[in-house]
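Note that the protein sequences, when read in sequence, are chains Y and W. In this text, residue positions in the first sequence follow the numbering used here: the first is 1, and each later residue adds one. In this text, residue positions in the second sequence follow the numbering used here: the first is 1001, and each later residue adds one. For each residue, glycine too, the CB sits at the ideal point set by N, CA and C. In what follows, a single structure is set out as structure tokens and then discussed.
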Amino acid sequence: MNRIKKLFAEKKDILSIYYTAGFPSLDDTLTIAEELERCGADLLEIGFPYSDPVADGPVIQESSKRALDNGMDLKTLFTQLKELRNRVNIPVLLMGYVNPVLQFGVENFCRACAEAGVDGCIVPDLPMVEYETLYQPVFEQNGLTNIFLVTPQTSEERIRKIDGLTSGFVYLLSSSATTGKNLQVSESTEAYFSRIADMKLDNPTMIGFGINSKETFEKACAYANGAIIGSAFVKSLDAADIKGSVQRFMRQFREL
Amino acid sequence: MSYFVNEKGYYGDFGGAYIPEMLYPNVEELRQNYLKIIADENFQEEFHHLLKDYVGRPSPLYLAGRLSDRYKANIFLKREDLNHTGAHKVNNTIGQILLAERLGKKRIIAETGAGQHGVATATVCALRGLECVVYMGEVDIKRQAPNVARMKMLGAKVVAATSGSKTLKDATNEAMRDWINNPVDTHYIIGSVVGPHPYPDMVARFQSVISEEAKKQLAEQTGNGSPDYVLACVGGGSNAMGMFYHFIDDEQVKLIAVEAAGKGVDSGFSAATTYLGKEGVLHGSRSILMQTHDGQVVEPHSVSAGLDYPGIGPQHAHLFKTGRGRYVSVTDDEALQAGLLLTQMEGIIPAIESAHALAYLEKMNFTGGENVVVCLSGRGDKDMDTYMKYFGL
Ligand SMILES: Cc1ncc(COP(=O)(O)O)c(C=O)c1O
């Protein structure tokens, strides 16, 4: 069983953390990964930075810019990730925009992911039709799954299609929003979460965008297999004390 | 070969809709409806009525006598500068506001570089009583102050984009983020032939009135509707696509697209996309863009805010790659000099964007008597500050 399937089979209230590779300092990528695992994170989403992250709010815009200024690029990231599986056991996804992947070459990218022991990807601006026709075979040859986003406006037909295309989980956005907003669970959000639950999808679900506290994490876990935290974690990183700041952040969610 | 969009939203290798799921419902709604709405008789009637009585179309096709003498060719200027609001941009915003109304949208957002598209959007929002928010790079807000004031007077909210190079690309990012966060009731009026399908095709259709008229006017004036050359400047490429549209399938007409070379194509301060760029994805479509080896978008430079963009629309990328269009560039200095030349030879102060197209006339070798149509995409009022500084006026 692959790492992602195993995780969802064995655990609930899964805590996934997103952060940007190469931020605050170029070489923090694996230090953060290792410390997150030690502090009880279940899944990691390592972001590779892009100059024009349209789906992101100010925090991830800033971390992306700083990472690029630090010299992060996909080649550097894959060099860093050579050590990944010597240091980290939990599943890892790479998350980023499609243009850097295109320039690296889709085949090269997938092969490098497989060699590093990466389990899958989230590429928000890669359309489903393109994935199906051009990318899926290469992803699958390399043992990678692709994760798709779903919003309250996504049609049921489309959700079914997404469910058929992925073998990881379905990434539910609490609302249509850029990253870093506050999760607001209104009646209509609850209705949407229940609608998804009633669909009995083949894949588990995770809720993301706007999870920033124990309270919002627990709310999300009531409706899904777990939740994803991004901006709130990235904001909390202290360049002068990476491990300490990771621990302080994770203490909100896990007993250390 | 087809130079127009196919049913999948592509022009050859370019186009598509590379957007996050959050934008999918809105873009899909547009895709399913735009052709139907545009073809509707009632829409066409309203569109053409507004173009005629509100915008002042048809815009004249003017044979510029002294310029023609200078270049030994018949230089016709398509006078988009005479449109209401002073540029071609309004052709598109009229079309899109009518479309947005038919989709039941209540709130309009837009990005702007030179401020011409922002003004044209704020104008149609005032006309129809819709809320309007315009994103504009902080740098552009400074260099296009008169247009910022116009937008505000028209009742629009102007929001500064403070990320990246603080110009058109960043304003576009912010507008996309706004649309993600306002998935219901908002329509995004993109100002050029860029963005995810169906935008490039939709904007080209609205701008195609430029070449539709020019072809007729040229036939009336010369007896032949097919010019030897048409020229236009390219930022994202909407005035150029409007100028090319009805000539694209007439392969005898040479299409020349003029990009902004900034301080020189190899100076590191340039916006000459086809020269400096590679294939990739920007703002929702696969096209040609200026980028690093790692796919990071490179910050462009041009004295002209409307051309200060690191990409071009996908249809332009296709015309470039197939060789149907010739893509060339002129520098800031060349454009400014051409602006002065037109002013002093014809009494027309052009937008610095449009002056790029004019500047290329200096580099062409006419054998004598060719018919050349140049799209004079806008007037230079907004650029007086730049002209004043440059020429010490
Ligand atoms: C007068 C004028 N011409 C040209 C442009 C460039 O845009 P496009 O390439 O879409 O025509 C602008 C953009 O602001 C403009 O104001």
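Worksheet item: When we look at the beta-carbon of residue 1298 of chain W and count the other beta-carbons within 10 Å, is it buried (16 or more) or exposed?
Response: Against the second sequence, residue 1298 of chain W aligns to sequence position 298. With 16 or more other Cβ atoms within 10 Å, it is buried.
Discussion item. With H, G and I counted as helix, E and B as strand and the rest as coil, what does DSSP make of residue 18 of chain Y?
Written reply: As a first step, residue 18 of chain Y is located in the first sequence; it is residue number 18 there, counting from the start. Strand.
Worksheet entry | For residue 1171 of chain W and residue 119 of chain Y, the rounded distance between their alpha carbons | For this step, residue 119 of chain Y is matched to residue 119 along the first sequence. For this step, residue 1171 of chain W is matched to residue 171 along the second sequence. Each residue's Cα considered, the two are about 35 angstroms apart.
Item to complete: Tell whether a beta-carbon distance below 8 angstroms holds between residue 1167 of chain W and residue 1113 of chain W.
Response: What you label residue 1167 of chain W is simply residue 167 of the second sequence in a count that begins at 1. What you label residue 1113 of chain W is simply residue 113 of the second sequence in a count that begins at 1. Yes. Within cutoff.
Worksheet item: What span of residues does the alpha helix (DSSP H) with residue 1244 of chain W cover, start to end?
Response: Counting from one through the second sequence, the residue named residue 1244 of chain W turns up at place 244. Annotation for residue 1244 of chain W: the continuous alpha helix (DSSP H) segment containing it runs 1238-1244.
Worksheet entry | Assigned exposure category for residue 155 of chain Y - 16 Cβ within 10 Å defines buried | On the first sequence, position 155 is the one that residue 155 of chain Y refers to. Residue 155 of chain Y is exposed by the Cβ-count criterion.
Discussion item. When you measure from the CB of residue 1137 of chain W to every non-hydrogen atom of ligand 1, does any distance come out below 7 angstroms?
Written reply: Working through the second sequence from its first residue, we reach residue 1137 of chain W at position 137. Checking every heavy atom of ligand 1 against the Cβ of residue 1137 of chain W, none is found closer than 7 angstroms.
Fill in: Validate contact between the segment 1316-1334 of chain W and the segment 138-147 of chain Y using beta carbons, cut 8 angstroms, 3 pairs
no
Worksheet item: Apart from the five residues just before and just after residue 1074 of chain W, which ones in its own chain have a Cβ nearer than 8 angstroms to its Cβ?
Response: Here residue 1074 of chain W is taken as the residue at index 74 of the second sequence, counted from 1. Hits under 8 angstroms: 1063, 1068, 1222, 1369, 1370, 1371 and 1372.
Worksheet item: CB-CB under 7 angstroms to residue 1106 of chain W, same chain, minus the five flanking residues each way: which ones, in chain order?
Response: For the purposes of this step, residue 1106 of chain W is identified with residue 106 of the second sequence, where counting begins at 1. Excluding positions up to five away in sequence, the list reads 1130, 1131 and 1185.
Worksheet item: Roughly how many angstroms lie between the CA atoms of residue 153 of chain Y and residue 1028 of chain W, to the nearest whole one?
Response: As a working mapping, residue 153 of chain Y is identified with position 153 in the first sequence. As a working mapping, residue 1028 of chain W is identified with position 28 in the second sequence. Cα-Cα distance, rounded: 12 angstroms.
Item to complete: Please indicate yes or no: does the CB of residue 245 of chain Y lie closer than 7 angstroms to some heavy atom of ligand 1?
Response: Looking up residue 245 of chain Y in the first sequence gives position 245. Outside the cutoff, so no.
Discussion item. Between residue 1115 of chain W and residue 1278 of chain W, how many whole angstroms is the CB-CB distance? I'm expecting something under 8 angstroms.
Written reply: Looking up residue 1115 of chain W in the second sequence gives position 115. Looking up residue 1278 of chain W in the second sequence gives position 278. No, residue 1115 of chain W and residue 1278 of chain W are not in contact; Cβ-Cβ is about 30 angstroms, not under 8 angstroms.
Worksheet item: Which whole runs of the beta strand (DSSP E) in the segment 1072-1121 of chain W are 3 residues long or more, in chain order?
Response: 1074-1079 and 1107-1112
Worksheet entry | Distance CB(residue 90 of chain Y)-CB(residue 157 of chain Y) smaller than 8 angstroms | Numbered from its first residue, the first sequence carries residue 90 of chain Y at position 90. Numbered from its first residue, the first sequence carries residue 157 of chain Y at position 157. No. Outside cutoff.
Worksheet entry | The beta strand (DSSP E) enclosing residue 95 of chain Y, as first and last residue numbers | For this step, residue 95 of chain Y is matched to residue 95 along the first sequence. Taken as a continuous stretch (DSSP letters only), the beta strand (DSSP E) holding residue 95 of chain Y covers 92-95.
Discussion item. Is there a C-beta anywhere in chain W that falls below 8 angstroms from the one on residue 69 of chain Y?
Written reply: Within the first sequence, the letter at position 69 stands for residue 69 of chain Y. Taking Cβ atoms only, chain W never reaches closer than 8 angstroms to residue 69 of chain Y, which makes this a no.
Worksheet item: What does a CB cutoff of less than 8 angstroms around residue 1083 of chain W pick up in its chain, not counting 5 residues either side in sequence?
Response: One-based indexing of the second sequence puts residue 1083 of chain W at position 83. Answer for residue 1083 of chain W: 1055, 1056, 1057, 1059, 1090 and 1091, listed in chain order.
Item to complete: Report the rounded CA-to-CA distance for residue 1159 of chain W versus residue 1375 of chain W, giving the unit in angstroms.
Response: Here residue 1159 of chain W is taken as the residue at index 159 of the second sequence, counted from 1. Here residue 1375 of chain W is taken as the residue at index 375 of the second sequence, counted from 1. In this model, residue 1159 of chain W and residue 1375 of chain W are separated by some 30 angstroms (Cα to Cα).
Fill in: residue 16 of chain Y: contacting residues in chain W (beta-carbon distance under 8 angstroms)
Residue numbering aside, residue 16 of chain Y sits at position 16 when the first sequence is read from its first letter. Neighbours of residue 16 of chain Y on chain W: none; closest Cβ ~18 angstroms, over 8 angstroms.
Worksheet item: Where does residue 1136 of chain W fall in DSSP's three states?
Response: Sequence index remark: in the second sequence, residue 1136 of chain W carries index 136 (1-based). Correct three-state label for residue 1136 of chain W: strand.
Fill in: Buried/exposed call for residue 1065 of chain W, threshold 16 Cβ in 10 Å
Here residue 1065 of chain W is taken as the residue at index 65 of the second sequence, counted from 1. Result: exposed.
Item to complete: Please confirm if residue 1092 of chain W has its CB atom under 8 angstroms from at least one CB of chain Y.
Response: The residue given as residue 1092 of chain W occupies position 92 in the second sequence. No - not a single Cβ of chain Y is within 8 angstroms of the one on residue 1092 of chain W.
Worksheet entry | Which listed residue (W:1102, W:1011, W:1104 and W:1094) has its alpha carbon closest to that of residue 1118 of chain W | By 1-based counting over the second sequence, the position of residue 1118 of chain W is 118. For residue 1118 of chain W, the closest alpha carbon among the candidates W:1102, W:1011, W:1104 and W:1094 is that of W:1094.
Fill in: Proximity test, residue 1239 of chain W beta-carbon vs ligand 1 heavy atom, cut-off 7 angstroms
Translated into positions along the second sequence, residue 1239 of chain W becomes position 239. Checking the Cβ of residue 1239 of chain W against ligand 1 gives yes.
Practice prompt. Please work out which residues of its chain come closer than 8 angstroms, Cβ to Cβ, to residue 114 of chain Y, disregarding the five sequence neighbours upstream and downstream, and give them in chain order.
Written response: Translated into the one-based positions of the first sequence, residue 114 of chain Y becomes position 114. The residues are 142, 143 and 144.
Worksheet entry | Below-8 angstroms beta-carbon distance, residue 215 of chain Y vs any chain W residue | Taking the first residue of the first sequence as position 1, residue 215 of chain Y is located at position 215. Chain W contact via Cβ: absent.
Discussion item. Distance check for residue 1358 of chain W and residue 1226 of chain W, CA to CA, integer angstroms please.
Written reply: To locate residue 1226 of chain W, count along the second sequence from 1; it is residue 226. To locate residue 1358 of chain W, count along the second sequence from 1; it is residue 358. Using only the alpha carbons, I get a separation of about 20 angstroms.
Worksheet item: Residues in its own chain within less than 7 angstroms of residue 204 of chain Y by CB, not counting five upstream and five downstream?
Response: Residue mapping note: residue 204 of chain Y aligns to position 204 of the first sequence, counting from 1. Scanning its chain for C-beta atoms nearer than 7 angstroms, with the 5 sequence neighbours on each side dropped, one finds around residue 204 of chain Y the residues 8, 169 and 225, in chain order.
Worksheet item: So which of Y:201, Y:183, Y:187 and Y:246 has the shortest CA-CA distance to residue 216 of chain Y?
Response: Counting from 1 along the first sequence, the entry for residue 216 of chain Y is found at position 216. Taking only the C-alpha atoms, the option nearest residue 216 of chain Y is Y:183.
Worksheet item: Does the segment 1173-1188 of chain W come within contact of the segment 1021-1037 of chain W, defined as at least 3 CB pairs closer than 8 angstroms?
Response: Contact between the segment 1173-1188 of chain W and the segment 1021-1037 of chain W is present, because at least three Cβ pairs lie under 8 angstroms.
Fill in: chain Y residues whose Cβ lies nearer than 8 angstroms to that of residue 1018 of chain W
Taking the first residue of the second sequence as 1, we reach residue 1018 of chain W at position 18. Chain Y residues near residue 1018 of chain W: 98, 125, 126, 127 and 130.
Fill in: Backbone CA spacing between residue 6 of chain Y and residue 1015 of chain W [nearest angstrom]
In the first sequence, counting from the first residue as 1, residue 6 of chain Y sits at position 6. In the second sequence, counting from the first residue as 1, residue 1015 of chain W sits at position 15. The straight-line gap from Cα to Cα measures roughly 39 angstroms.
Discussion item. So, with DSSP's three-state summary, where would you put residue 211 of chain Y?
Written reply: For the purposes of this step, residue 211 of chain Y is taken as residue 211 along the first sequence, with counting starting at 1. Residue 211 of chain Y: coil per DSSP, three-state reduction.
Fill in: CB of residue 33 of chain Y within 8 angstroms of CB of residue 44 of chain Y, strictly
Looking up residue 33 of chain Y in the first sequence gives position 33. Looking up residue 44 of chain Y in the first sequence gives position 44. Contact: yes.
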